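*Asks:* Its first residue numbered 1, the sequence shown is counted upward by one per residue in UniProt numbering. Here a beta-carbon is modelled for each residue, glycine too, at the ideal position from N, C-alpha and C. Just so it is clear, the structure is predicted and the values come from calculations on it, not from any experiment. One structure, as structure tokens, below. Some questions next.
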Amino acid sequence: MKRLTRKKQSAGGFGVSENGSATREPDCGRKQKLAEIHQALISDPVDIETLRRTAASKGGLLTDELRRKVWPKLLNVNVYDLPHKPGRDVRENHKDYNQVLLDVRRSMKRFPKCMPAAERAVLQEQLIDIILEVLKRNPQLHYYQGYHDVAVTLLLVVGERMAIAMLDTLSNYHLRDFMDPTMDSTKHILNYLMPILEQVDVELHDFMIRAEVGTIFALSWLITWYGHVLSQFKHTLRLYDFFLASHPLMPIYLSATIVLHREREVKQTECDMAMVHHLLSRIPQDLPYELLIAQSQELFSQYPPSLLAKRAALQSRKSLSISTFQVFQLSTLHQRPDSVLQRLTKAQGSTTSRHGGWLERCGTGTYGRWDQVNGRQSWGRRERTENVGACRFVARRGASGSESGSNIAF
Numbered sequence: 001m002k003r004l005t006r007k008k009q010s011a012g013g014f015g016v017s018e019n020g021s022a023t024r025e026p027d028c029g030r031k032q033k034l035a036e037i038h039q040a041l042i043s044d045p046v047d048i049e050t051l052r053r054t055a056a057s058k059g060g061l062l063t064d065e066l067r068r069k070v071w072p073k074l075l076n077v078n079v080y081d082l083p084h085k086p087g088r089d090v091r092e093n094h095k096d097y098n099q100v101l102l103d104v105r106r107s108m109k110r111f112p113k114c115m116p117a118a119e120r121a122v123l124q125e126q127l128i129d130i131i132l133e134v135l136k137r138n139p140q141l142h143y144y145q146g147y148h149d150v151a152v153t154l155l156l157v158v159g160e161r162m163a164i165a166m167l168d169t170l171s172n173y174h175l176r177d178f179m180d181p182t183m184d185s186t187k188h189i190l191n192y193l194m195p196i197l198e199q200v201d202v203e204l205h206d207f208m209i210r211a212e213v214g215t216i217f218a219l220s221w222l223i224t225w226y227g228h229v230l231s232q233f234k235h236t237l238r239l240y241d242f243f244l245a246s247h248p249l250m251p252i253y254l255s256a257t258i259v260l261h262r263e264r265e266v267k268q269t270e271c272d273m274a275m276v277h278h279l280l281s282r283i284p285q286d287l288p289y290e291l292l293i294a295q296s297q298e299l300f301s302q303y304p305p306s307l308l309a310k311r312a313a314l315q316s317r318k319s320l321s322i323s324t325f326q327v328f329q330l331s332t333l334h335q336r337p338d339s340v341l342q343r344l345t346k347a348q349g350s351t352t353s354r355h356g357g358w359l360e361r362c363g364t365g366t367y368g369r370w371d372q373v374n375g376r377q378s379w380g381r382r383e384r385t386e387n388v389g390a391c392r393f394v395a396r397r398g399a400s401g402s403e404s405g406s407n408i409a410f
């Protein structure tokens, strides 16, 4: 068995100990990381490489305020050219409306437990509209159960309009293989899991082959970016920082790392498909995430997708997420800082005509479609922040929950 390195020095100046706890290097800390991110954001063009590195390194992007600034840059989203809020017509005669409605209604645990029911209802209505709007814009994409788990994570952090723009980009790149009319492309991505295990731990790989457990246990991890299976929202956000800054296959590398981390549990389980599937499909809530992220990066470096594809005969099927990633990465390299974008937008005089005015965007306009329809302004005031689309509501991280250990039905 090839052991993964148990201590890895990250690019951000942090180490990870064997038990997964963080060890801070003396020459780097939170203040330095904040300064790095700020400098990267105001550089012209924006320093995307630094943003990717800091998002993936220990601690990720640290705060939601930073996420509202950095996430759009990682996806090449112009915060001064956001989509309109969806109109009422977005739901009319949409083939996926009923399924989206059912999934969103079942998503109650993805919202903070302390959130008043009325506020949650507002966000759930927005969540439905976000999903349907992206699907309407991209008729070639097909909705899948679990897509709403990605959408709700974006909504809770960046707000409705920014979430539409970000989800649109993710759907055409990182999530593209999951949005085909069949699950063939999704299965293709899952098929990278076993070759990774084989490279690191042949004994574990062979045990799982004998058990005929397959890879379906990791399906909900992959297609929801783990949002469906993690009970603490802070862990979901940490992984989203990592995935937004990484290759589209990084979630499957993390899946392999989690299985390798649970090697002893797996090998001590009866070599039976049902028993092993039951164990692996219920992800522990106390995983050492920083350690696993560092090890996933190490695995990706040692066994890149191109190498695995050749060794496992995976190159026979083309992955749109993989094949378009290089073009996507290049497209992010020449973004202007927000201060320049704001100045250009004002100079063009397009803000009022295209997006309802500066006050609606950054001032105290009501937040959400439900507010518009019902004329209520009790909770949805927007802050004046540097990043357009930020909202006052910030989920109380410790109170958030998701359907831990449950499976998505297809």
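For the ligand MG, is there any heavy atom lying closer than 8 Å to the beta carbon of TYR289?
*Replies:* The ligand MG is absent from the structure shown, which contains no ligand whatsoever.
*Asks:* Tell me which residue opens and which closes the alpha helix (DSSP H) that MET273 is part of.
*Replies:* Counting from 1 along the sequence shown, the entry for residue 273 is found at position 273. 273–281 is the span of the alpha helix (DSSP H), which, as asked, contains MET273.
*Asks:* Within this structure, are the beta carbons of VAL229 and ILE283 separated by less than 9 Å?
*Replies:* Residue numbering aside, residue 229 sits at position 229 when the sequence shown is read from its first letter. Residue numbering aside, residue 283 sits at position 283 when the sequence shown is read from its first letter. In this structure, ILE283 lies closer than 9 Å to VAL229 by Cβ.
*Asks:* How is the alpha helix (DSSP H) around TYR147 delimited, first residue to last?
*Replies:* By one-based count along the sequence shown, residue 147 stands at place 147. Taken as a continuous stretch (DSSP letters only), the alpha helix (DSSP H) holding TYR147 covers 147–158.
*Asks:* By the 10 Å Cβ neighbour count, where 16 or more other Cβ atoms means buried, how is GLY87 classified, buried or exposed?
*Replies:* By 1-based counting over the sequence shown, the position of residue 87 is 87. Flag for GLY87 reads exposed.
*Asks:* In whole angstroms, what is the alpha-carbon distance linking THR224 and THR236?
*Replies:* Residue numbering aside, residue 224 sits at position 224 when the sequence shown is read from its first letter. Residue numbering aside, residue 236 sits at position 236 when the sequence shown is read from its first letter. About 10 Å.
*Asks:* Count the other CB atoms within 10 Å of the CB of ALA151; is the residue buried (16 or more) or exposed (fewer)?
*Replies:* Position 151 of the sequence shown, counting from 1, holds the residue named residue 151. So ALA151 counts as buried.
*Asks:* Going along the chain, which residues of its own chain have a beta-carbon closer than 8 Å to the beta-carbon of LEU197, five neighbours each way excluded?
*Replies:* Position 197 of the sequence shown holds residue 197. Counting only Cβ-Cβ distances below 8 Å, and skipping sequence neighbours, we find LEU204, HIS205, MET208, ALA256, VAL259, LEU260.
*Asks:* In or out: ALA40 buried (at least 16 other Cβ within 10 Å) or exposed?
*Replies:* Position 40 of the sequence shown, counted from the first residue, corresponds to residue 40. Result: buried.
*Asks:* Would you give the residue range spanned by the alpha helix (DSSP H) that LEU132 belongs to?
*Replies:* Locating residue 132 in the sequence shown gives position 132, counting from the first residue. Unbroken alpha helix (DSSP H) run through LEU132: 117–137.
*Asks:* For a quick check, are the C-beta atoms of ASP168 and HIS142 less than 9 Å apart?
*Replies:* For the purposes of this step, residue 168 is taken as residue 168 along the sequence shown, with counting starting at 1. For the purposes of this step, residue 142 is taken as residue 142 along the sequence shown, with counting starting at 1. Going by C-beta atoms, ASP168 is not nearer than 9 Å to HIS142.
*Asks:* Helix, strand or coil for SER107 per DSSP?
*Replies:* Locating residue 107 in the sequence shown gives position 107, counting from the first residue. Reduced to three states, the DSSP call for SER107 is coil.
*Asks:* What does the alpha-carbon distance come out to for the pair GLU212 and ASP44?
*Replies:* The residue given as residue 212 occupies position 212 in the sequence shown. The residue given as residue 44 occupies position 44 in the sequence shown. Going from the Cα of GLU212 to the Cα of ASP44 covers about 53 Å.
*Asks:* Which term fits ARG210, buried or exposed, when burial requires 16 or more other beta carbons within 10 angstroms of its beta carbon?
*Replies:* Residue 210 sits at position 210 when you count from the first residue of the sequence shown. Exposed, since its Cβ has fewer than 16 Cβ neighbours within 10 Å.
*Asks:* Could you spell out where the alpha helix (DSSP H) holding PHE325 opens and where it closes?
*Replies:* Here residue 325 refers to the residue found at position 325 when the sequence shown is read from its first residue. First-last of the alpha helix (DSSP H) with PHE325: 325–331.
*Asks:* How long is the line joining the alpha carbons of THR332 and MET273, rounded to whole angstroms?
*Replies:* Residue numbering aside, residue 332 sits at position 332 when the sequence shown is read from its first letter. Residue numbering aside, residue 273 sits at position 273 when the sequence shown is read from its first letter. So the alpha carbons of these two residues sit roughly 43 Å apart.
*Asks:* Grab the span of the alpha helix (DSSP H) containing SER185 for me, first residue to last.
*Replies:* As a first step, residue 185 must be located in the sequence shown, where it is residue number 185. Start and end: 184–190.
*Asks:* Taking the straight line between their C-alpha atoms, what separation do you get for TYR173 and ARG68?
*Replies:* Start at 1 with the first residue of the sequence shown, and residue 173 comes out as number 173. Start at 1 with the first residue of the sequence shown, and residue 68 comes out as number 68. One C-alpha to the other measures close to 20 Å.
*Asks:* Within its chain, find whatever has a CB closer than 7 Å to the CB of ASN78; leave out the 5 residues flanking it on each side and keep chain order.
*Replies:* Position 78 of the sequence shown, counting from 1, holds the residue named residue 78. If we look at ASN78 and ignore the five residues flanking it on each side, its Cβ neighbours are LEU341.
*Asks:* Looking at the secondary structure, which residues open and close the alpha helix (DSSP H) in which TRP71 lies?
*Replies:* For the purposes of this step, residue 71 is identified with residue 71 of the sequence shown, where counting begins at 1. Element bounds for TRP71: 64–74.
*Asks:* Starting from ARG262, follow the alpha helix (DSSP H) in both directions and report where the run begins and ends.
*Replies:* Taking the first residue of the sequence shown as 1, we reach residue 262 at position 262. Note, ARG262: premise wrong, no alpha helix (DSSP H); not H, not E.
*Asks:* How would you label GLU92, buried or exposed, when you count the other beta carbons within 10 angstroms and need 16 or more for buried?
*Replies:* Within the sequence shown, residue 92 is the residue found at index 92, counting from 1. Exposed is the call here.
*Asks:* Enumerated in chain order, which unbroken segments of the alpha helix (DSSP H) with a length of 4 residues or greater are wholly contained in the stretch 197–221?
*Replies:* For the stretch 197–221, whole alpha helix (DSSP H) runs of length 4 or above, ordered along the chain, are 202–211.
*Asks:* Looking at the secondary structure, which residues open and close the alpha helix (DSSP H) in which THR54 lies?
*Replies:* Indexing the sequence shown from 1 puts residue 54 at position 54. Where THR54 is concerned, the enclosing alpha helix (DSSP H) stretches over 48–56.
*Asks:* With a threshold of 16 other CB atoms inside 10 Å of the CB of ASN98, please say whether the residue is buried or exposed.
*Replies:* Within the sequence shown, residue 98 is the residue found at index 98, counting from 1. Its Cβ having fewer than 16 others within 10 Å, ASN98 is exposed.
*Asks:* Mapping DSSP to helix, strand and coil, what is ASN93?
*Replies:* In the sequence shown, counting from the first residue as 1, residue 93 sits at position 93. In the structure shown, ASN93 sits in coil (DSSP, three-state: anything other than H, G, I, E or B).
*Asks:* Suppose contacts are defined by Cβ-Cβ distances below 9 Å. Is ILE164 in contact with HIS148 by that definition?
*Replies:* Against the sequence shown, residue 164 aligns to sequence position 164. Against the sequence shown, residue 148 aligns to sequence position 148. Cβ atoms of ILE164 and HIS148: not closer than 9 Å.
*Asks:* Residue range of the alpha helix (DSSP H) that GLN348 falls in?
*Replies:* Counted from its first residue, the sequence shown places residue 348 at position 348. GLN348 -> alpha helix (DSSP H) spans 338–348.
*Asks:* Compute the Euclidean distance between the alpha carbons of GLY159 and PRO72, then round it to the nearest angstrom.
*Replies:* To locate residue 159, count along the sequence shown from 1; it is residue 159. To locate residue 72, count along the sequence shown from 1; it is residue 72. Approximately 12 Å, taken between the alpha carbons.
*Asks:* Is ASP180 helix, strand or coil by DSSP?
*Replies:* By one-based count along the sequence shown, residue 180 stands at place 180. Three-state result, ASP180: coil.
*Asks:* Does VAL202 pass the burial test, meaning 16 or more other C-beta atoms within 10 Å, or should it be called exposed?
*Replies:* To locate residue 202, count along the sequence shown from 1; it is residue 202. Per the 10 Å Cβ criterion, exposed.
*Asks:* How is residue 419 classed by DSSP in three states: helix, strand or coil?
*Replies:* The question about residue 419 has no answer here: the residues shown for the chain are numbered 1 through 410.
*Asks:* Shortest alpha-carbon distance to MET194 belongs to which of ILE252, ARG264, LEU62?
*Replies:* Within the sequence shown, the letter at position 194 stands for residue 194. With distances taken between Cα atoms, MET194 lies closest to ILE252.
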